[in-house]
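A short write-up of the structure that comes next.
2 protein chains.
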Amino acid sequence: MGIREKRNRQKEEFRVKILNAARELFIEKGYEAFSMRKLAHKIGFSPTTIYLYFKDKDALLFAMCEELAEQCLLELTKIRKQHIDPVKKLRKALLFHVKTGLENPDHYKVLFFVHPGIYGSQTEFMQRPSIARDTHLAFKDIVKECIDSKLFIKADPETVTEIFYVSIHGLIVMSIFKSNYPWTDREILGKTLVDSLIRAYLKQ
Amino acid sequence: MGIREKRNRQKEEFRVKILNAARELFIEKGYEAFSMRKLAHKIGFSPTTIYLYFKDKDALLFAMCEELAEQCLLELTKIRKQHIDPVKKLRKALLFHVKTGLENPDHYKVLFFVHPGIYGSQTEFMQRPSIARDTHLAFKDIVKECIDSKLFIKADPETVTEIFYVSIHGLIVMSIFKSNYPWTDREILGKTLVDSLIRAYLKQ
DNA sequence: CTGATAAACTTAACACTGTTAAGTTAAATT
DNA sequence: AATTTAACTTAACAGTGTTAAGTTTATCAG
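So the protein sequences, as listed, match chains A and B.
The opening residue of the first sequence carries number 1 in our numbering; numbering runs sequentially from there.
The opening residue of the second sequence carries number 205 in our numbering; numbering runs sequentially from there.
Right, here's the structure in full:
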């Protein structure tokens, strides 16, 4: 019964079509101006049709975030292969994180600020499989490498990961939510922040 | 004409009454569940009445944020008087910032994430007088002291201020928006972050 | 080819939101 | 007492996410 498979494929294609339109609308108009009704209008269907392909708005936003997370995970694994020095890996990974965040402000907003959080609480985030979670774990592994290689001072990998993570996050969030922030050039501030953090944990 | 002054005082009293009710509703139900209509219901007036005392929702939220900012500025000036060592001042100020942020999650949300930002862009924030701005400037002065006293390595005060600011901000934001975050105890993570940042800029 | 079944999609509504123009009531002034 | 001013409300606009119910369209069995 190839007809059933064909239907499934068509359904999947439509899902992707909606997702693409959603991303466009999202990037074009921004998070605040995005609505299910506007998306429906854009694809030329009634709002209810979207609900046949996505449970609700959150499910749609989740799908969009996973798209972005996939890109990140890809780049992260690439970095891990390209270098041997774990500190170099970490530096590259952190700078990439900054860059991705600043270049995809709207995705970032969804990722972190949609109530009550698309990925749920931190516990739920770590339990439920997702590409975003894999990205986080890959990042933590790099931090572990830095500590295990004795290039970093002795410290709890979990805590250090969180400190790096949280600081970078703060920079991105400020840049996104406060237009014209920071005074200092964003690229320079990003590099300075990453270097400061690494300096704080580097031996001697 | 004392009657006009009395009216003005009554009007001011009502403004405060609305503000108090708003804060209650805000703390009780959280930012997401706060609405002008619910506030109106709480104080027993029609929604439109609020608009006679506050231009719009943003004006009301702004007033609430300034209340919190005033508390912060008070504590900050207290810290500046209590200590002589600028690094100690900075450490205290940073820890206080973390504490205040974590203890007032909903105010913090308004402060930073209401579109397009209650205090406007960073440029507008720095130009227009506000208590929040004064707090930021007081904080920057402490950083300057640290650099001028040669206890810190040579660096641009503006950039360093932003790095501290942004990192602390990230910790608060993550804690607020991701329940159960971080894994590490919040107080410990806060202290570790502050110490890491200071260590990165401390001489030798 | 016809009738039943299942899938796809829409209409119309619900319960909200912030905001405002216009109308009403109560108080103060002339 | 008549008029002006202030305080407050009603009713509406334009929007939001979401869903129950109805309609159209396509697939399947006999």
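We put the CB at the ideal spot given by N, CA and C, even for glycine.
By the criterion of at least three beta-carbon pairs nearer than 8 angstroms, the stretch 377-391 of chain B is not in contact with the stretch 274-288 of chain B.
Straight-line spacing of the CA atoms in Thr100 (chain A) and Leu60 (chain A) works out to 21 angstroms. Contact annotation: in the stretch 361-375 of chain B, residues whose CB is within less than 9 angstroms of a CB in chain A are Glu362, Thr363, Val364, Glu366, Ile367, Tyr369, Val370, Ser371, Ile372, His373, Gly374 and Leu375. Beta-bridge partners of Leu202 (chain A) (DSSP): A:Phe152. Chain-ordered, the chain A residues with CB closer than 8 angstroms to the CB of Leu397 (chain B) read Ile163, Val166 and Ser167.
Not a single CB atom of chain B sits nearer than 8 angstroms to the CB of Met64 (chain A). Take the alpha-carbon of Glu5 (chain A) and the one of Phe54 (chain A): they are about 20 angstroms apart. Counting only residues of its own chain and dropping the five nearest sequence neighbours on each side, Ser130 (chain A) has a CB closer than 8 angstroms to the CB of Glu66, Ala69 and Tyr119. The beta-carbon separation of Leu76 (chain A) and Ala138 (chain A), rounded to 5 angstroms, stays under the 8 angstroms limit for a contact.
Contact annotation: Val173 (chain A) and His373 (chain B) have beta-carbon atoms nearer than 8 angstroms.
In the DSSP annotation of this structure, Ala33 (chain A) is not part of any alpha helix (DSSP H), being labelled neither H nor E.
Those residues of the stretch 119-135 of chain A placed with their C-beta closer than 9 angstroms to a C-beta in chain B are Tyr119, Gly120, Ser121, Gln122, Thr123, Glu124, Phe125 and Met126, ordered along the chain.
Taking 4 residues as the shortest admissible run, the stretch 16-75 of chain A contains the following complete alpha helix (DSSP H) segments, listed from N- to C-terminal end: 36-43 and 47-50. For the pair Ser379 (chain B) and Leu197 (chain A), the CB atoms are not nearer than the 8 angstroms cut-off. Not a single CB atom of chain A sits nearer than 8 angstroms to the CB of Tyr255 (chain B). A direct Cα-Cα distance of roughly 46 angstroms separates Pro251 (chain B) from Glu12 (chain A). Any Cβ of chain B closer than 8 angstroms to the Cβ of Ser196 (chain A) would place that residue at the interface, and such an atom is present.
Of all residues in the stretch 213-247 of chain B, the ones placed with a Cβ closer than 8 angstroms to any Cβ belonging to chain A are Glu236, in chain order. Note that the C-beta distance between Val347 (chain B) and Val370 (chain B) is not below 8 angstroms. Non-local C-beta neighbours of Met64 (chain A) in its own chain, meaning closer than 8 angstroms and more than five positions away in sequence, comprise Leu19, Ala22, Arg23, Phe26, His107 and Val110, ordered along the chain.
For Lys140 (chain A), same chain residues with a beta-carbon under 6 angstroms away, outside a window of 5 residues either side, are Thr161 in chain order. Sequence-distant partners of Leu298 (chain B) (beyond 5 residues in either direction) whose C-beta falls short of 7 angstroms from its own C-beta, in its chain, are Phe368, Ile372 and Val398. Look at the stretch 73-94 of chain A: it has no residue with a C-beta under 8 angstroms from a C-beta of chain B.
Taking the C-beta atoms as reference points, Phe152 (chain A) is found nearer than 8 angstroms to Lys203 (chain A). The Cβ neighbour count for Arg91 (chain A), taken over all protein chains shown within 10 Å, is at least 16; the residue is labelled buried. With a threshold of 8 angstroms between beta carbons, Tyr181 (chain A) makes contact with chain B. Note on the stretch 90-128 of chain A: whole alpha helix (DSSP H) runs with a minimum of 4 residues are 105-113 and 122-127, in chain order. Within the model, the alpha-carbon separation for Leu73 (chain A) versus Gln214 (chain B) is close to 60 angstroms. A straight-line Cα-Cα distance of about 18 angstroms links Ala200 (chain A) and Asp360 (chain B). Take the alpha-carbon of Phe45 (chain A) and the one of Phe14 (chain A): they are about 12 angstroms apart. Pairing Tyr181 (chain A) with Gln326 (chain B) gives a Cβ-Cβ distance under 8 angstroms. Annotated three-state conformation of Tyr369 (chain B) is helix, per DSSP.
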